[in-house]
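*Asks:* Here it is: the structure, laid out below.
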Amino acid sequence: MSVQTSSGTGAFRTAVVPAAGLGTRFLPTTKAVPKELLPVVDTPGIELVAAEAAEAGAQRLLVVTSPGKDSVAAYFRTDDELVKTLEGRGKDELAEKVRRAPGLLEVESVYQYEPKGLGHAVAQAGPALAQDEQAVAVLLPDDLVLPTGVLARMAEVRERHGGSVLCAFDVPREQIAAYGVFEVSDTDDDDDVKQVHGMVEKPSPDEAPSTFAAAGRYLLDRAIFDALDRITPGAGGELQLTDAVALLIAEGHPVHVVVHRGGRHDLGNPAGYARASVDFMLEHAEYGEDLRNWLNERLKD
Ligand code: G1P
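Residue numbers (our numbering): 2 to 302.
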């Protein structure tokens with residue numbers, strides 16, 4: 002069954018993208034340009050994430066932003082003048098690229114006025130949901146999960162098990178302190194679908210309950226908003242989405258993960274961003290071969 006046309010419990014219409022952060026790791030650039038608009042080859046990271054949400058059936062992207070970052074939502078507005086100019090010059094391919102983002106899905110924004118953490122950012126989306134939206138997707142724009150398609154798998158798991166479904170990556174234990182980490186057990190469903198019994202934000206490697214880490218894709222039952230209202234500041238003094246998920250689990254709400262075995266890029270820091278750029282560029286029809294040759298030469302030094 003296609004997620005797009007499904008009216009079952011796995012379906013969702015709104016994808017929330019938290020994008021209110023200061024982008025401190027990209028200063029000084031982020032004084033003027035939100036990090037979500039930095040290009041991977043030629044396309045802003047947030048367009049890649051919006052395309053992934055649309056592909057999984059989302060009809061609306063709710064960007065949680067902060068005053069001064071309005072250019073993130075503005076990026077998704079149509080620009081008929083520019084399209085007309087490009088078409089007039091015979092640059093149809095470029096015109097198509099310009100039309101793509103506004104054509105993906107409806108984009109709205111809500112503000113997070115204070116930087117109180119990811120949980121607080123997601124909570125701002127609650128009032129914008131319609132009464133009949135039983136679930137919402139959350140996509141962290143720092144994370145590229147490749148190939149796309151994990152959200153559709155997560156929606157299938159919610160159809161079967163109900164509750165909330167998150168995406169997990171198996172990461173080396175020495176890196177685990179950067180993530181939300183799951184305590185899991187196997188299901189008889191599928192090796193890569195696991196039941197979650199607990200979740201902890203940024204544990205030390207020796208305290209981490211597993212090496213399965215949250216990878217920036219969440220399909221959350223709307224019960225999450227009530228849980229977000231009840232949590233108190235956690236790791237880093239911030240209101241953590243992880244703590245709201247942990248609260249739901251403690252109260253008997255079913256939570257599962259789909260373990261994604263593909264690739265992942267972290268666009269949230271310059272090193273990860275450079276890797277993603279090189280990876281996408283190497284696959285690019287126009288730039289790939291040149292870059293490969295240059296890199297081969299460069300790496301001989
Ligand atoms: C956030 C979440 C964390 C998750 C991570 C994925 O952390 O709080 O649970 O594992 O994203 O990238 P952040 O990277 O914002 O510190």
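Ideal Cβ placement from N, Cα and C applies to all residues, glycine included.
Could you give the C-beta distance for L106 and Q60, rounded to a whole number, given that I count them as a contact under 8 angstroms?
*Replies:* Their Cβ separation, rounded to whole angstroms, is 6 angstroms, which keeps L106 and Q60 in contact under 8 angstroms.
*Asks:* Judging by CA-CA distance, which residue of Y114, E48, L220 is the nearest neighbour of L151?
*Replies:* A small correction: the amino acid at residue 151 is Val; Leu does not occupy that position in the sequence shown. Among Y114, E48, L220, the Cα nearest to that of V151 is on L220.
*Asks:* Confirm, please, whether the CB-CB distance from V185 to H261 is below 8 angstroms.
*Replies:* It is not a contact, given that the beta carbons lie outside the stated cut-off.
*Asks:* Tell me the DSSP bridge mates of V200?
*Replies:* Here the sequence assigns Met to residue 200, which means Val is not the residue at that position. Note: M200 sits in a beta bridge opposite F183.
*Asks:* From A55 to T149, what does the alpha carbon distance come to, in whole angstroms?
*Replies:* Their backbone Cα atoms lie some 11 angstroms apart in a straight line.
*Asks:* Measure the beta-carbon distance from E175 to P204 and round it to whole angstroms, keeping in mind my assumption that it falls under 8 angstroms.
*Replies:* Not really, about 13 angstroms apart at Cβ, beyond 8 angstroms.
*Asks:* Go through the region 3-56 residue by residue and report every complete run of the beta strand (DSSP E) that reaches 3 residues or more, in order.
*Replies:* Those beta strand (DSSP E) runs which fall completely within the region 3-56 and span 3+ residues are 15-19.
*Asks:* Using 10 angstroms around the beta-carbon of Q132, count the other beta-carbons present and answer buried if the total reaches 16, otherwise exposed.
*Replies:* So Q132 ends up on the exposed side.
*Asks:* Classify H162 as helix, strand or coil using the three-state DSSP reduction.
*Replies:* If DSSP states are grouped into helix, strand and coil, H162 belongs with the helices.
*Asks:* Considering Cα atoms alone, identify which of D189, E109, L83 is closest to E97.
*Replies:* The option with the nearest alpha carbon to E97 is L83.
*Asks:* Over the uninterrupted beta strand (DSSP E) stretch that includes F213, give me the two end residues.
*Replies:* Residues 213-222.
*Asks:* Report the rounded CA-to-CA distance for T10 versus K92, giving the unit in angstroms.
*Replies:* Approximately 43 angstroms between the Cα atoms of the pair.
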